[in-house]
Each structure stands twice: as C-alpha cells, then as structure tokens.
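Reading through the structure tokens given below for one structure.
2 protein chains.
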Amino acid sequence: MTAKNAFYAQSGGVTAVINASACGVIETARAHPDKIANVYAGRNGIIGALTEDLIDTNLEAAENIAALRYTPSGAFGSCRYKLKSLEANKREYERLIEVFKAHDIGYFFYNGGGDSADTCFKVSQLSATLGYPVQAIHVPKTVDNDLPITDNCPGFGSVAKYIATSTLEASIDVRSMCATSTKIFVIEVMGRHAGWIAAAGALVADQGIPVVTLFPEVEFDQKRFLAAVKAKVAAHGYCTICVSEGCHWPDGRFLAEQGTRDAFGHAQLGGAAPVVANMIKEAMGLKFHWAVADYLQRAARHLASKSDVEQAYALGKAAVEYAIAGHGSIMPTVVRKSSSPYVWEIGQAPLSAVANVEKFMPKDYISEDGFGITDKCREYLYPLIQGEDYPPYENGLPKYVTLTNAPVARRLGAFQL
Amino acid sequence: MTAKNAFYAQSGGVTAVINASACGVIETARAHPDKIANVYAGRNGIIGALTEDLIDTNLEAAENIAALRYTPSGAFGSCRYKLKSLEANKREYERLIEVFKAHDIGYFFYNGGGDSADTCFKVSQLSATLGYPVQAIHVPKTVDNDLPITDNCPGFGSVAKYIATSTLEASIDVRSMCATSTKIFVIEVMGRHAGWIAAAGALVADQGIPVVTLFPEVEFDQKRFLAAVKAKVAAHGYCTICVSEGCHWPDGRFLAEQGTRDAFGHAQLGGAAPVVANMIKEAMGLKFHWAVADYLQRAARHLASKSDVEQAYALGKAAVEYAIAGHGSIMPTVVRKSSSPYVWEIGQAPLSAVANVEKFMPKDYISEDGFGITDKCREYLYPLIQGEDYPPYENGLPKYVTLTNAPVARRLGAFQL
Numbered sequence: 001m002t003a004k005n006a007f008y009a010q011s012g013g014v015t016a017v018i019n020a021s022a023c024g025v026i027e028t029a030r031a032h033p034d035k036i037a038n039v040y041a042g043r044n045g046i047i048g049a050l051t052e053d054l055i056d057t058n059l060e061a062a063e064n065i066a067a068l069r070y071t072p073s074g075a076f077g078s079c080r081y082k083l084k085s086l087e088a089n090k091r092e093y094e095r096l097i098e099v100f101k102a103h104d105i106g107y108f109f110y111n112g113g114g115d116s117a118d119t120c121f122k123v124s125q126l127s128a129t130l131g132y133p134v135q136a137i138h139v140p141k142t143v144d145n146d147l148p149i150t151d152n153c154p155g156f157g158s159v160a161k162y163i164a165t166s167t168l169e170a171s172i173d174v175r176s177m178c179a180t181s182t183k184i185f186v187i188e189v190m191g192r193h194a195g196w197i198a199a200a201g202a203l204v205a206d207q208g209i210p211v212v213t214l215f216p217e218v219e220f221d222q223k224r225f226l227a228a229v230k231a232k233v234a235a236h237g238y239c240t241i242c243v244s245e246g247c248h249w250p251d252g253r254f255l256a257e258q259g260t261r262d263a264f265g266h267a268q269l270g271g272a273a274p275v276v277a278n279m280i281k282e283a284m285g286l287k288f289h290w291a292v293a294d295y296l297q298r299a300a301r302h303l304a305s306k307s308d309v310e311q312a313y314a315l316g317k318a319a320v321e322y323a324i325a326g327h328g329s330i331m332p333t334v335v336r337k338s339s340s341p342y343v344w345e346i347g348q349a350p351l352s353a354v355a356n357v358e359k360f361m362p363k364d365y366i367s368e369d370g371f372g373i374t375d376k377c378r379e380y381l382y383p384l385i386q387g388e389d390y391p392p393y394e395n396g397l398p399k400y401v402t403l404t405n406a407p408v409a410r411r412l413g414a415f416q417l
Numbered sequence: 001m002t003a004k005n006a007f008y009a010q011s012g013g014v015t016a017v018i019n020a021s022a023c024g025v026i027e028t029a030r031a032h033p034d035k036i037a038n039v040y041a042g043r044n045g046i047i048g049a050l051t052e053d054l055i056d057t058n059l060e061a062a063e064n065i066a067a068l069r070y071t072p073s074g075a076f077g078s079c080r081y082k083l084k085s086l087e088a089n090k091r092e093y094e095r096l097i098e099v100f101k102a103h104d105i106g107y108f109f110y111n112g113g114g115d116s117a118d119t120c121f122k123v124s125q126l127s128a129t130l131g132y133p134v135q136a137i138h139v140p141k142t143v144d145n146d147l148p149i150t151d152n153c154p155g156f157g158s159v160a161k162y163i164a165t166s167t168l169e170a171s172i173d174v175r176s177m178c179a180t181s182t183k184i185f186v187i188e189v190m191g192r193h194a195g196w197i198a199a200a201g202a203l204v205a206d207q208g209i210p211v212v213t214l215f216p217e218v219e220f221d222q223k224r225f226l227a228a229v230k231a232k233v234a235a236h237g238y239c240t241i242c243v244s245e246g247c248h249w250p251d252g253r254f255l256a257e258q259g260t261r262d263a264f265g266h267a268q269l270g271g272a273a274p275v276v277a278n279m280i281k282e283a284m285g286l287k288f289h290w291a292v293a294d295y296l297q298r299a300a301r302h303l304a305s306k307s308d309v310e311q312a313y314a315l316g317k318a319a320v321e322y323a324i325a326g327h328g329s330i331m332p333t334v335v336r337k338s339s340s341p342y343v344w345e346i347g348q349a350p351l352s353a354v355a356n357v358e359k360f361m362p363k364d365y366i367s368e369d370g371f372g373i374t375d376k377c378r379e380y381l382y383p384l385i386q387g388e389d390y391p392p393y394e395n396g397l398p399k400y401v402t403l404t405n406a407p408v409a410r411r412l413g414a415f416q417l
C-alpha cells in the first residue's frame, strides 16, 4: 500500500485544546510516512475542503506543530457551516470526494461536535457509494460536553477548571467585601442546552462558598430562586450565582430574553447575568456585581486542565492510529475505568451511534432543590479538572503559535458554496 | 523601648495580591518580636478598628500566613467605609486612638488606595495631637493604578496580565471563527476614571491582533469609533474592542448608561460591552460576542504577575521596616530605575504628597487616534506583567487559605458607626 494523504479540519466553536488534538493528528501522521504522506488541513474547516483551500501542514516546522499543544483557538480556522443532508445537497458531498480524489486523500479527520460527527458519518458512507473509499474518523471536541459514549469531550475539562477557579476567586473577593459592599456576585457561563459548565461552577460549594446554580435542565422558578439566595445571604453574608446562558422560564424563553429595550426601543442587549442580578436587587436591594465570561472561558488555555490537554492529544493520536490500522466511520472515545484515581483509556464508537445523539446532564447529577450538584456529579467532574498544563510565556504573555498556513496548489476549478 | 502591637487593615476593593502585602507585613513583624509584639488585623478594614473587632494574627500558623502570598481577596475582610473629615466626625478619630491605646498599638498599617492614604495621613497627624503617637504607614494597593509617586500600585500588574492574556486568547478564538461566524469581540474592563487596565488590553496589538481600545480619558466619538472598527474588519476579517467601564460620551454620560429599560420599564442593567457590541451590530450587521470580566479580573490570582506579587510583598515588608526604623506618615513606593531590564527598588513618599492626588494616564501614553497606546506606554506596561507566580493546586483547584481570624478580647464598650 502506498502512502495516502490525510485531510484534517476543525469545525464549530473552537476550544482551548482543539489544537492539541490537531497536534496529536499531525505528529502521529508524521511518525508514519509510509502510511500518510501529507496532512492537508482545511482552511476554515470543511469550507476549505469544498473550495479546495487546503493548507500544507508539512511545511510547518516540527516545533510549531508541537506548539499547537498549548495554543488555544483553531490554528487552521474553523467554521460554522453545516453540510446539508445528502438528499438536499448531494453536490457538496460529491465535491468533497472530487477534492479528495484530486489530492489523493485517503483519510478524513474531522474535529468537532455533534453536527460534525454527523457530517463525518455521511462522508464515511458516501465515499463507498461514490467509489472512492475514504476512512472518515471523527475527533471529538466540544466545550458543551454533549457527545454520547465518550466519558467527556476535549475542551470541556478546561472550561470547567476555568469556571470553577474563576467562580472561587470572585467569590472569596465578595466574601471579603460583603460586610459593607457587594453581597451578590453573578457569573454567566456557556451552555445553551446542557448544564455541564454551570455544574463546574457549583463545585465551589465544596470550598465553603454559598453558591446557587441555575441549569438549563431546570425550569427557572423565580420565587424559589430568590428564597434560596436570601437564605444563603442570611447565613453567609453574601451569595454567588452561577447562571447558565441556557437558563429559561417554564415557557421556554431564555432569562436573557427579558424583552429589554434600549432608549431607542431596540431589542435587548443580552446576558442572563444582568437579568438575574437585577432581579435580586429589586427583590432584596442588595448590591451586586456580575460577569459574563463568554469566549474568555473557552479560550483560557492559560488555565487548561492537564487531563483535558492529554486526552485531546491522545484522541487526535488515536484517530490516526485507528485509521492506519484500517478503521473508519468511528470516533475515538475516552473510556473511564475509575474515578479515584482517575484512570482512562482510549476506546472507539461507531459514528452511527454518535451522529445526532446529544448527551445531557443525568437527572441524578443535579441536587434535589435544582440549585446544586450531587456527589455523583462531583465524582464525575473532579477528574476532568485535574492538573495544570501551563503554556510558555514570553514578555509577560503566553507564547502562542500562529502557523504560516501555506496553501496547497489547486487542481480543480472554483466551487460556489 | 518595649515592643508595641501593630494594627493592619485592608481597605477598599480587594485585589489578587493585597494578601501578599499582608503576608509581607506579618512575616516581617514576626521577625522583629523585640519591636512588634503582635499584629492585630481589623476585621473588615477600618470598621474593625472602630468597633474594636480585632483579629489576632499571632494565632495563625506560619504556613497559613505564608499562604497569604498566593491567596487573592482580603483575608481579614475589607470595607468600603470612608472616614469623614476630622471636622465632620472627630469622634471616629478619637475612637481609633482609644482603641489603639487599649491594645497598646504603636503602628498603624493601612493597605489601600487613595481614600485610605488620606485616612492614614489623618491618623498620623491626629495621633500626635491627641497625645498618643502612632506611626501610620500606608501600604499602596489598587487595581486602578492611580496612586501618585509610586511607579505602579500592587494589584494593577496582575489585572493587566490577566486582561492582556484574556484579550489575546479570545481574539485568536475569534480570528479562527471569523470567516463564517463572530467577527466582533468586545471585552469590558475595569477603570472608571483611568484607562490603565484598558491600556493592558491594547498590548495585544503587538501580537498582530486588530484591537480598538476605548479609554475613559478620551471622549467617545461614535462615528470615528465605528470607522476604526470597520477598517480593522476590512483588513483582518475581525476586530477586538477593549472598552473601559469608564468610557463616556462628551456630555459625561457613561456608555453603560444608555437609558436601557427592561420589559417592566426598569432602568438599564448595565455594561458598556453590550452597548458597544450592539452599536456595531446596528451599524455594520456583524455577528458579535461580548464579555464583562468584572471581579474575575481583579481576583485572578491564578494568573498573577510575578513582579506584582513581589512588589506587593516587598511594600508590606518595607512598611514594617520603615516603622521599626522610626518612620511614620509615609507610604513605601516602587521606584523604577530601568525599564529594560526592569530594575526597581523600594522608596518612600510623605503621605501629605500622596493623599488626595490621583494619577491618570499621561496624554503621551495614548496614541494619536485615541484608540491605542504609544511605545512609551508599552515600555511602562510590559515590566509590570513579567513573570508567572502560580498558586498551588489541590484536586484541580487553587489551594487558597482561609484564616481562622480569631478575635482579640475586647477591652472597651461598644461603638456606634
């Protein structure tokens, strides 16, 4: 068997460790030149494949590829572009195969979340139908932690560590000021459908912090919420609220969609945190502060979880190893063997079982009052935030790499997206 | 001379390194038992002195005092409580002296910003008048970096490092997504009157990030601002905006005071970042994300600047050394000898020259267009964010100390604040 080329692309919202998976893919491919000649990356994800805008990663120095391990964001560009169904837009899939043929691509590594797994699955099925076999392997990534089968998704552990740490730090700040100043601190975290990240904020309760957590999985009950906050303030003098952006009223409206209008009557400017903070102010008259972490949380490579970085790399590496061993239409997974100590190994799941399946927080991970987490949830979360993995610094700032991203010469005509 | 006791209190908004100054004060005092018998800390700042609610720091184990060096927040509680002028409320000053007498306090160490320096100055003058001499020394602290004479204020360097790092991380996140998704990222930073923290965000321009910075020192000009953003998006495909909470219109209104109303007609929920983001959306229709770092920035001990931590400790240590050498009514300062390499030493300033003087960004630190910083500003800022000084971690989270804060037995009657 002569060596084929590999295609690698990043898809959807980027994370602090998606480049660590890229590093795992590229370094492992480079170690097997007899099987994989070149890794071509899609510029801006799958769009790069469709438009034949490929990046020749072979031209990047080994130390720059190694630096991907500690560089957040998507080094080759990511995209929010969902391939339509095969029926609705067969030409896109045919174009992919056309590009793969033109560049002798035998391996398709797609690094993304649920939608990407579905695309990867379709590519794996199509390649056979269209007479050009490509081994399609999905590398999991998503801060939302909502992919099935795998113990967790790379990207999540680092966000969890960042949110738990930041919530702890801001809470002890408020604790030291609450006698005469701020008594309420609200931090808004990501998670439109699943409360995994909010659950990480709830971990600070173990450090003695009075925290009330608002999950997307629990319908917002204003009366009960205010009572819970009031009780914490009475007992501790202050209260921290960790609110998921997906927290919503019983009728499904997000808290952030309060119908807020600016002076010109324009629609609300967003943010569940200010809504919650204002609600408490009006009910109890307490001084508040609020933060919206937004992209800071998913990009915070400076505080990545070591186990997250290791798994992100290992899953990229495993994807290549599975591919050269002849596998396809799979996603490498993290298999938890034990929580304490945390022991994990790499497994695999068929893409047919991954595509279009969303994993939510189990009911028994949320405490009975709906405002905290259970010991079962703690047992799940703590291993994922273990260890630190600091980037190098230069002149006071993290020394992240920016690749040259030189293009591969085109061989085909243009393609209209 | 027999040993006297020392009083130490934390004042105003806390920082990532104010406890490092406390550590410097207490460890240095412990090294001179012949001069200082005990350090009593005010519970919740100066309120602890007024209400005779003193904490006996002697009862804390040496390792817990050492842990203050890497624990953010105010370990003894801080407060927002400004002593009135001597004329307006002489009884408060008399009460302070009464408490000092009752507990044989010969040293008054006050750790805070501009208001606290003024209080410390008044105490230093009063003690002589009231016939009970106390050596009052101010230990500088403020993330706003607005104290005069000293090269910088402990707390600022760490916020600057955090904001520069976070702005960099979020910016390269957006850079990798901008082809099909978010093109505008807005981060709101602290600084109601001075743009020092916003200037730290502007440092990411040196990493090739297109950033537009909005300072409180520059009146907001919407038309010029939108043109600057548009030009950056045209050239780079995306743009980061670092907006100071103190950014304001020519008539003095803060951007955050846009007159926003919620569905019930209640006043705006705040935040300059969503206002700016929405403004860009309306003018250019670009997808945006925004973050408000709020307390996360000043509490972020996990990313403290090493030079900041060292200076915070050194200033606390110097305060005690100056005191036992007979000085009073002063503030130890950081004196910059050279920027590259950064060489500094400890100096001192008379409190009369510090009290009620605010230091703003020099005009020649802001670029001509008002949206960035000059090389002179860079030369000033970079030394302050040098080096990392990570806290220890346990079970995935920073292992910060919570002191026992045992009270000193009261000797006086109650005092009504």
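Protein sequences appear in the order of chains A and B.
Heads up: the first sequence begins at 1 in the working numbering, then just goes up one per residue.
Heads up: the second sequence begins at 1 in the working numbering, then just goes up one per residue.
Every residue, glycine too, gets a C-beta built ideally from N, C-alpha and C.
Query                                                                                                                         : Result
Simplified DSSP assignment, three categories, for D56 of chain A                                                              : strand
Whole runs of the beta strand (DSSP E) within the segment 143-211 of chain B, excluding any shorter than 3 residues           : 184-189
Contact set between the segment 384-395 of chain B and chain A, restricted to residues whose Cβ is under 9 Å from the partner : L384, I385, Q386, G387, E388, Y390, Y393, N395
Unbroken alpha helix (DSSP H) run spanning A136 of chain B, endpoints                                                         : Unbroken run through A136 of chain B is the beta strand (DSSP E), 135-140; no alpha helix (DSSP H).
C-beta atoms of D448 of chain A and N356 of chain A nearer than 8 Å                                                           : Any answer about residue 448 of chain A is impossible in this case: the structure gives chain A only from 1 up to 417.
With 16 other Cβ atoms within 10 Å as the buried cut-off, status of N5 of chain A                                             : buried
Residue environment, V159 of chain A, which counts as buried when at least 16 other CB atoms sit within 10 Å                  : buried
Nearest residue (CA-CA) to K376 of chain B, options B:P362, B:Y400, B:R301, B:L50                                             : B:P362
Among A:A318, A:D369, A:Y8, nearest to E345 of chain A - alpha-carbon criterion                                               : A:A318
Whether A9 of chain A touches Y110 of chain A by CB criterion (8 Å)                                                           : yes
Identity of the residue in B:I65, B:D151, B:S181 nearest L286 of chain B by Cα                                                : B:S181
Contacting residues, own chain, Cβ-Cβ under 8 Å from S124 of chain A (five flanking each side not counted)                    : F108, V134, Q135, A136, G328, S329, L351
Residues, ordered as in the chain, of the segment 168-182 of chain B that lie near chain A by beta-carbon distance below 9 Å  : L168, E169, A170, S171, I172, D173, V174, R175, S176, M177, C178, A179, T180, S181, T182
Alpha helix (DSSP H) runs wholly inside the segment 234-313 of chain B, at least 4 long, in chain order                       : 272-284, 295-299
Residue(s) in a DSSP beta bridge with Q348 of chain B                                                                         : B:P332
T129 of chain B, buried or exposed, once every other Cβ within 10 Å from all chains shown has been counted against 16         : exposed
Nearest-angstrom beta carbon gap, A22 of chain A and A75 of chain A [assumed within contact, 8 Å]                             : 6 Å
Residues near A202 of chain B in its chain [Cβ-Cβ closer than 7 Å; skip 5 each side]                                          : V211, T213, C242, G372, I373
Residues of the segment 202-224 of chain A with Cβ closer than 9 Å to any Cβ of chain B, in chain order                       : L203, V204, D206, Q207, G208
Span of the beta strand (DSSP E) around G42 of chain A                                                                        : 36-42
Buried/exposed call for K232 of chain A, threshold 16 Cβ in 10 Å                                                              : buried
Residue burial classification, A234 of chain B (beta-carbon count within 10 angstroms, cutoff 16)                             : exposed
Under 8 Å from the C-beta of P133 of chain B: neighbouring residues of chain A                                                : Residues of chain A passing the Cβ test: none, with the nearest at roughly 29 Å.
Of the residues A:D146, A:Y322, A:N405, A:Y93, the one placed nearest G347 of chain A, counting alpha carbons only            : A:Y322
S339 of chain B to R298 of chain A span [Cα, whole Å]                                                                         : 34 Å
Local conformation of P407 of chain A per DSSP, three classes                                                                 : strand
Interface positions of the segment 288-320 of chain A facing chain D (Cβ-Cβ less than 8 Å), listed along the chain            : No chain D is part of this structure, whose protein chains are labelled A and B.
N-terminal and C-terminal residue of the beta strand (DSSP E) that N5 of chain A is part of                                   : 4-10
Separation of K281 of chain A from A256 of chain A, as counted between CA atoms                                               : 16 Å
Span separating the alpha-carbon of L83 of chain A from that of N89 of chain A                                                : 8 Å
Exposed unless 16 or more other CB atoms sit within 10 angstroms - verdict on G131 of chain B                                 : exposed
Partner residues on chain A for K161 of chain B, Cβ-Cβ distance less than 7 Å                                                 : G396
Nonlocal neighbours in the same chain, by C-beta distance under 6 Å from S73 of chain B, ignoring five residues either side   : V14
I105 of chain A: first and last residue of the uninterrupted alpha helix (DSSP H) it sits in                                  : Careful: I105 of chain A lies outside any alpha helix (DSSP H), inside the beta strand (DSSP E) at 105-112.
Spatially closest choice to Y238 of chain B from B:R175, B:S116, B:K223, by CA coordinates                                    : B:R175
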